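Residue numbers (our numbering): -6 to 821.
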């Protein structure tokens, strides 16, 4: 119906339009035709089908106006009057045809703001107006920017199309002239060029930011001096005072105090420290400055604009360097003297006092007393001694001296930086009258005694002069070939030789690290303190003996028996008898006494321990032996050459069979419980032990039945599947038996087992019954009925639990409130 009315209205409008056109045509008044035609508009947004009139009514294409930006399409009546027929053909709604001009201008742009907080950047925000005041979408915007001289400012900014009314517009314009006060004008236009009021605003465009705030001055600069470095420490400041992070430090040093007037002349220390956040402790180690010079240090802090802080406080430090000299030698002594030499001896000191190793010695000898005052005027003795570690014994032979002359000697010690000790104690001695030209006597009784691991050389010490006095040193050589004077120097010299003793004393030396199967030759020469050398000794040869010595017999083997294992104990023997360390053990056992004859037939125990040093206590644990059998145990020790010791003493032991069962439980009870919420009965008892009432049993077997349980009925009773683990003897234990029904008396019993499955006797067999009870105080005498009623006698009826008198005569017609009926356990 509405559609027909609309068609009639549209048709009427159309007829009126045609008549108007004819009338206007008749008057030939072109201006009136244009005026009336402009008042007719078809809104495409209301009638999309109108576009088809282009083909159906042969309208020129430009008669259809499509405003792509606003989304509307209308017919220009001036271009195609007959196109209006499409209104009926395509059933456009009535509101698609406007016969009046658009007289409502766009609304004003609300909540307008313009801000510039970044270099050359302008941000404009406002709420979009509508095409008709605050409805629809405007057709376009017009934005103008003018400087203080009212001249237009040109930008690359393209003004966006208007959004729907109420939408927030947000525009950003860049590359505007910095620090320029500009005027912003904004208007909105509709499609017939009606416009809103102009919104204006003045904005100062942001220019470059200049940071003029310097970092704060550092006020806590401190320093520490070390032997090979110095350390500066301070607290980081900020980029702006104490805020932000600074850009760099400039550290300067000078031998004079640093202030504003001396800063530029102070030396800058090159460093690349990146400042930390304010309040963080900064550190700098400096190593490449001259030692033992006091320097003033100060710091300036710079930000990224190179704004400097004020000069920090000054701090003084130096690289101390090695200033500790070696200790003084105070035990310089003379070991021997000749007509032209003195043998000095002393204890080495350190690099720093008595620590470390010194660098060199300065030894001076003179015929006058040596003092600090005349030290520099006395020439040093040429020598190339390399000091040993502090505490070592040092010696030096001073030669080319005059006979029968009093000589004084002293030493100073230098470290690696030429720190020098004080003068040592001064010793003096007169050289002998007659030069010693007599060499030590020839050793003629050198002998070699071999063993399995070394060869012992034995000889009688000669003297300093032939066979008198005490020689200075020995030189022993070794070779695989015969040693002679001709090949003496080419043979190997043995190390760590003994010091010669007085003439006639027997001396020895052990030669080790030799190869088995090789023959070795040995010879000795002796030298006195005048470097007079004896003739070559007699030459001996020898070779290591083959190892045929077995370990000693183990004689203290003992065996300790328990229920599960047997523990063997003995004392370790050696590789050779009771000396050294054996290589392995063989431990055997048998049910008969073990002898050398049946040793190989006895069983061998696995994984014996590796032998310890002779005299050490040893232990071995034997497992998996049969209880009740008396076993014999013996051991043999073996060395690395498979020499076996004699068989040890026999030790006997037996693993005892555990035949003691756990005690029977005698205090098993069922616990009375009220207001339980499932069909269960709790048992309680005291745990027995593994052996009677001692230890801890292995497991429980709990049974239950509706008849009393004894040995005759045990196997017919039900077994509870989840018993607790036994605890130590005497511990109170409980267990809840679940899956029961109400109204029946259940009987319970327990057997206990140990780890050898020894079984206890059956426990006592208490009973328990799950019943319903009625609160006697609230329901008079009804409580007695519970003990006689079967389980089904109580049921839910409405808000009560009712006891059925047909199933439980004793209950009568009692109806107790539901909360007076309780599920409980009664013990029997």
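Think of the CB as a built atom: it goes at the ideal place given N, C-alpha and C, for glycine as much as any other residue.
In this text the structure is predicted, and so the values were computed from the model without any measurement.
Check	Outcome
Can you give me the C-alpha to C-alpha distance between residue 634 and residue 499, rounded to a whole angstrom?	34 Å
In this structure, does DSSP put residue 527 in helix, strand or coil?	coil
Might you give, ordered along the chain, the residues of its own chain that have their beta carbon closer than 6 Å to the beta carbon of residue 270, omitting 5 neighbours on each side?	238
Using DSSP bridges, identify the partner residues of residue 452.	500
Could you tell me if residue 373 is buried or exposed, where buried requires 16 or more neighbouring beta carbons within 10 angstroms of its beta carbon?	exposed
Between residue 630 and the rest of its own chain, which residues show a CB-CB distance below 7 Å, the 5 nearest in sequence each way excluded?	544, 547, 566, 575, 578, 604 and 638
How big is the Cα-Cα spacing for residue 706 and residue 555?	38 Å
The beta strand (DSSP E) that contains residue 399, what's its start and end?	399 to 407
Quick one: residues in its chain with C-beta nearer than 6 Å to the C-beta of residue 694, no 5 flanking neighbours on either side, listed in chain order?	744
Thinking C-alpha only, which one of 311, 748 and 739 is nearest residue 280?	311
Please state the DSSP three-state secondary structure of residue 482.	helix
Curious, which full-length alpha helix (DSSP H) runs of at least 4 residues does the stretch 535 to 615 contain?	none
Counting along the chain, where does the beta strand (DSSP E) carrying residue 700 start and finish?	Here residue 700 belongs to no beta strand (DSSP E), and DSSP marks it neither H nor E.
In this structure, what does DSSP give as the bridge partners for residue 128?	125
Residues in its own chain within less than 7 Å of residue 318 by CB, not counting five upstream and five downstream?	408, 412, 413 and 414
Ends of the beta strand (DSSP E) at residue 672?	Neither: residue 672 is in no beta strand (DSSP E) and is coded neither H nor E.
Indicate the three-state DSSP secondary structure (helix, strand or coil) for residue 421 in the structure shown.	strand
Check whether the Cβ atoms of residue 199 and residue 128 lie closer than 7 Å to each other.	no
If you check the beta carbons only, do residue 641 and residue 627 fall under 7 Å apart?	yes
Using CA atoms only, rank isn't needed, just tell me which of 156, 153, 196 and 160 is closest to residue 174.	196
Return the CA-CA distance between residue 126 and residue 236, expressed in angstroms with no decimal places.	51 Å
Within this structure, are the beta carbons of residue 559 and residue 552 separated by less than 7 Å?	yes
Rounded to the nearest angstrom, what separates residue 171 and residue 293 at their Cα positions?	34 Å
In the structure shown, what three-state DSSP assignment does residue 468 receive?	strand
Rounded to whole angstroms, how far is the Cβ of residue 260 from the Cβ of residue 246, which I believe are closer than 8 Å?	6 Å
I'd like to know if the stretch 668 to 686 and the stretch 722 to 731 are in contact, where contact means that at least 3 CB-CB pairs between them fall below 8 Å.	yes
If distances are taken between C-alpha atoms only, which option among 469, 819, 152 and 367 comes closest to residue 182?	152
Does residue 515 pass the burial test, meaning 16 or more other C-beta atoms within 10 Å, or should it be called exposed?	buried
Between the beta-carbon of residue 450 and the beta-carbon of residue 441, is there less than 7 Å?	yes
For residue 378, which beta-bridge partners are listed by DSSP?	For residue 378, which the question treats as bridged, DSSP gives no partner whatsoever.
Measuring only the C-alpha atoms, how far is residue 504 from residue 447?	6 Å
Does residue 671 pass the burial test, meaning 16 or more other C-beta atoms within 10 Å, or should it be called exposed?	exposed
Do the CB positions of residue 380 and residue 341 come within less than 7 Å of each other?	yes
Express the C-alpha separation of residue 540 and residue 406 in angstroms, rounding to a whole number.	52 Å
Quick one: what does DSSP say residue 707 is sitting in, helix, strand or coil?	helix
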